[in-house]
Amino acid sequence: MPTEPRELTAEIAERFARIALGHVGREYPNKPDHVLAGPQDARTPRELHPVFYGSFDWHSCVHSYWLLARVLRRFPDTAAATEITALFEAQFTAEKIAAECDYLAQPTARGFKRPYGWAWLLKLAAELSALPNRDWSVRLAPLAEAFAQRFRDFLPLATYPVRVGTHFNTAFGLRMAADYAQATQDAAFSALLRETGLRWYGEDADCPAWGEPSGDDFQSSALIEAECMRRLLAPEAFLPWLARFLPRIENHQPRTLFEPASVSDRSDGKIAHLDGLNLSRAWCWRSLAASLPADDPRRPMALEAAQRHLAAGLPHIAGDYMGEHWLATFALLALEAGEAPAG
Numbered sequence: 001m002p003t004e005p006r007e008l009t010a011e012i013a014e015r016f017a018r019i020a021l022g023h024v025g026r027e028y029p030n031k032p033d034h035v036l037a038g039p040q041d042a043r044t045p046r047e048l049h050p051v052f053y054g055s056f057d058w059h060s061c062v063h064s065y066w067l068l069a070r071v072l073r074r075f076p077d078t079a080a081a082t083e084i085t086a087l088f089e090a091q092f093t094a095e096k097i098a099a100e101c102d103y104l105a106q107p108t109a110r111g112f113k114r115p116y117g118w119a120w121l122l123k124l125a126a127e128l129s130a131l132p133n134r135d136w137s138v139r140l141a142p143l144a145e146a147f148a149q150r151f152r153d154f155l156p157l158a159t160y161p162v163r164v165g166t167h168f169n170t171a172f173g174l175r176m177a178a179d180y181a182q183a184t185q186d187a188a189f190s191a192l193l194r195e196t197g198l199r200w201y202g203e204d205a206d207c208p209a210w211g212e213p214s215g216d217d218f219q220s221s222a223l224i225e226a227e228c229m230r231r232l233l234a235p236e237a238f239l240p241w242l243a244r245f246l247p248r249i250e251n252h253q254p255r256t257l258f259e260p261a262s263v264s265d266r267s268d269g270k271i272a273h274l275d276g277l278n279l280s281r282a283w284c285w286r287s288l289a290a291s292l293p294a295d296d297p298r299r300p301m302a303l304e305a306a307q308r309h310l311a312a313g314l315p316h317i318a319g320d321y322m323g324e325h326w327l328a329t330f331a332l333l334a335l336e337a338g339e340a341p342a343g
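FYI, the UniProt record's numbering numbers position 200 of the sequence shown as 200, with every residue one higher than the one before it.
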C-alpha cells in the first residue's frame with residue numbers, strides 16, 4: 001500500500017496554506033466568468049472582485065480562502081497563521097464585500113458560478129463563523145446570505161439535477177450548502193436542501209457509473225451524489241439508500257469507482273482536473289466509509305479505495321499552475337474526511 005499521508009498534520013496544513021497564499025493574490029492569468037452588458041463592464045478581475053480576484057478564477061479563489069480559514073482554525077500556531085490573519089484583515093472588509101455583493105446584484109450575474117461557486121462561498125462562510133475572530137464572518141455575512149438566497153430561489157425551479165463531474169454538479173452544491181445551513185442554524189434552509197436531495201436522488205438505484213471518468217471530471221458524479229445524501233439524511237435513512245444506490249460495492253463494482261484516473265498532461269487545465277477527481281473520490285470514499293458500521297465488509301473496501309486515490313493525487317497538488325491553483329483544497333477535504341484507514 002502506498003505510504004501517502006492519511007491525516008491532516010500541522011506540517012501538511014502549513015504546506016497547503018503556503019500554496020494557497022501563493023495564488024489567492026495572484027491576479028493573472030485569470031479566467032473570468034463575466035458577462036459584458038456594455039463597454040463599461042470591461043474591467044480587470046480585481047476591479048470586478050476586490051476580494052476574490054486571484055487563483056485563476058473566482059471559485060478557486062473562494063475555496064482557497066476556505067482552505068486558509070480551515071488551516072487557521074485547526075492549526076492556529078503554524079507559521080502561516082500570521083499571514084493568513086493579515087490577509088483576512090485586508091480582504092474581508094465591509095467595503096470590499098459590498099463590492100462583491102454589488103456585482104451579484106447585476107442582472108447579468110444571475111447564474112454567476114451556479115452552483116459550485118455558490119456552494120464554496122457558503123462553505124467559506126461556515127468556516128469563518130467557527131473562528132475565534134468573528135469579525136470576518138460578520139463582514140462576509142451579506143455576501144453569504146445573498147448566495148443562500150440564490151439557492152432558495154433556484155432549487156424550487158430546478159426540475160432536474162445536473163449529474164456531470166464538473167462545476168455544474170448539483171449534488172456537490174447541496175452537500176456544501178448543508179454545512180452553512182447547519183452553521184447558521186437555518187432549519188428551513190436545511191429542510192429545503194434535504195427535500196431537494198430526495199426529489200432529485202431519492203429513487204436512484206444500482207448506479208452503473210458508466211460515464212466515469214470523463215475527460216475533464218474533477219468529481220465523481222456517483223460518489224458525490226452518495227456523499228450528498230450522506231450529509232443530508234439521517235443514518236437510518238441513508239444506509240438503506242446507499243445499499244440501493246451502490247448495491248455491488250462488496251464485489252468492487254462499479255469497477256471504475258475503485259480505479260484512480262490517469263493524468264496524461266498536467267499543463268492542460270482540463271486534463272489536470274483528473275488529479276482533482278482522484279482527490280475528491282478519496283474524500284467521498286473516506287466519508288462513506290465512516291458512515292458504515294465497523295463490521296461492515298464495505299468499510300475496508302471503501303478505505304482502501306480512498307487510499308489508492310490519495311496516493312494517485314497527493315503528489316501532484318503543486319508544480320503546474322493549472323492544478324496548483326486549486327488542488328490543495330480537495331487534498332485537504334480528503335485528508336480530513338471520515339477517519340484514517342487502519343494499519
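All residues carry an ideal CB built from backbone N, CA and C; glycine is no exception.
Computed from a predicted structure; not experimentally measured.
Between the Cα of residue i and those of the options, spot the shortest distance and give me the residue it belongs to.
i: Gly117; options: Arg299, His34, Val62, Leu233; result: Val62
i: His309; options: Tyr321, Ala188, Leu335; result: Leu335
i: Arg199; options: Thr159, Leu36, Trp283, Glu95; result: Thr159
i: residue 344; options: Pro213, Gly202, Ala86; result: Any property of residue 344 remains undetermined from this structure, which presents the chain solely from 1 to 343.
i: Val263; options: Ala237, Gly323, Pro297; result: Gly323
i: Ala81; options: Leu143, Leu67, Ala94; result: Leu67
i: Ala107; options: Gly38, Ser137, Glu212; result: Before going on, a small fix: residue 107 reads as Pro here, not Ala. Closest option to Pro107, Cα to Cα, is Gly38.
i: Gly269; options: Phe218, Trp241, Ala226, Asn251; result: Phe218
i: Ala178; options: Phe168, Phe189, Pro32; result: Phe189
i: Leu75; options: Gln307, Arg230, Leu233, Pro132; result: The amino acid at residue 75 is misidentified as Leu; the sequence shows Phe. It is Pro132 whose Cα lies nearest to the Cα of Phe75.
i: Pro29; options: Ile12, Glu11, Leu8, Asp57; result: Asp57
i: Thr78; options: Ala10, Pro247, Ala144; result: Ala10
i: His162; options: Leu140, Gly197, Arg150; result: Correcting the residue type first, residue 162 is Val in the shown sequence and not His. Checking every option, the nearest Cα to that of Val162 belongs to Gly197.
i: Glu95; options: Ser60, Pro142, Leu233, Asp186; result: Pro142
i: Trp301; options: Ala318, Asp265, His252, Leu333; result: First, the residue type needs correcting, since residue 301 is Met and not Trp in the sequence shown. Checked all of Ala318, Asp265, His252, Leu333; the closest Cα to Met301 is His252.
i: Leu104; options: Arg150, Leu87, Gln91; result: Arg150
i: Lys31; options: Ala294, Ser60, Ser129; result: Ser60
i: Ala130; options: Arg110, Gln185, Phe168; result: Gln185
i: Ala144; options: Phe168, Phe92, Val164; result: Phe92
i: Asp33; options: Ala109, Pro293, Leu128; result: Ala109
i: Leu87; options: Leu21, Val35, Leu36, Thr44; result: Leu21
i: Asn169; options: Ala318, Ala237, Ala226; result: Ala226
State the CB to CB distance for the pair residue i and residue j, rounded to an integer number of angstroms; the pair is presumed to be in contact (CB under 8 Å).
i: Cys207; j: Ala183; result: So it is not a contact: roughly 30 Å between Cβ atoms.
i: Ala146; j: Cys101; result: 6 Å
i: Trp283; j: Ala243; result: No, Trp283 and Ala243 are not in contact; Cβ-Cβ is about 21 Å, not under 8 Å.
i: Leu279; j: Ala331; result: 5 Å
i: Ile224; j: Ala171; result: 5 Å
i: Ala272; j: Asp320; result: 7 Å
i: Leu257; j: Glu212; result: 7 Å
i: Met176; j: Trp120; result: 6 Å
Any Cβ of chain B within less than 8 Å of the Cβ of residue i?
i: Arg266; result: Absent here is chain B; the protein component of the structure consists of one chain.
Just to confirm, is the Cβ distance from residue i to residue j under 8 Å?
i: Thr166; j: Asp135; result: no
i: Ser137; j: Ala148; result: no
i: Cys228; j: Leu174; result: yes
i: Leu122; j: Tyr65; result: no
i: Ala328; j: Ile84; result: no
i: Ala209; j: Pro254; result: yes
i: Asp204; j: Phe245; result: yes
i: Ala261; j: Trp285; result: no
i: Ser55; j: Arg15; result: no
i: His23; j: His316; result: no
i: Asp291; j: Pro235; result: Going by the sequence as given, residue 291 is Ser instead of Asp. Yes, the pair counts as a contact, with Cβ atoms nearer than the cut-off.
i: Ser267; j: Arg230; result: no
i: Arg281; j: Ser214; result: no
i: Leu314; j: Pro5; result: yes
Quiz item: How do the segment 155 to 162 and the segment 186 to 201 stand: do at least 3 beta-carbon pairs fall below 8 Å, yes or no?
Solution: Result yes; three or more Cβ-Cβ pairs closer than 8 Å.
Quiz item: Looking at C-beta atoms only, is the number of pairs between the segment 64 to 77 and the segment 104 to 117 that lie closer than 8 Å three or more?
Solution: no
Quiz prompt | Continuous alpha helix (DSSP H) assignments of at least 4 residues falling wholly in the segment 123 to 177 | solution = 135 to 154
Quiz item: Would you say the segment 87 to 105 touches the segment 45 to 60, given that touching needs at least three Cβ pairs under 8 Å?
Solution: yes
Self-check item: Length-filtered (4 minimum) alpha helix (DSSP H) runs lying within the segment 185 to 228
Solution: 187 to 201
Exercise. Jot down the residue ranges of each uninterrupted alpha helix (DSSP H) in the segment 23 to 110, minimum 4 residues, whole runs only, in chain order.
Key: If only uninterrupted alpha helix (DSSP H) runs of at least 4 residues are considered, those enclosed by the segment 23 to 110 are 45 to 48, 58 to 74, 81 to 91, 94 to 104.
Self-check item: Ordered list of alpha helix (DSSP H) runs contained in the segment 261 to 310, each at least 4 residues
Solution: 269 to 291
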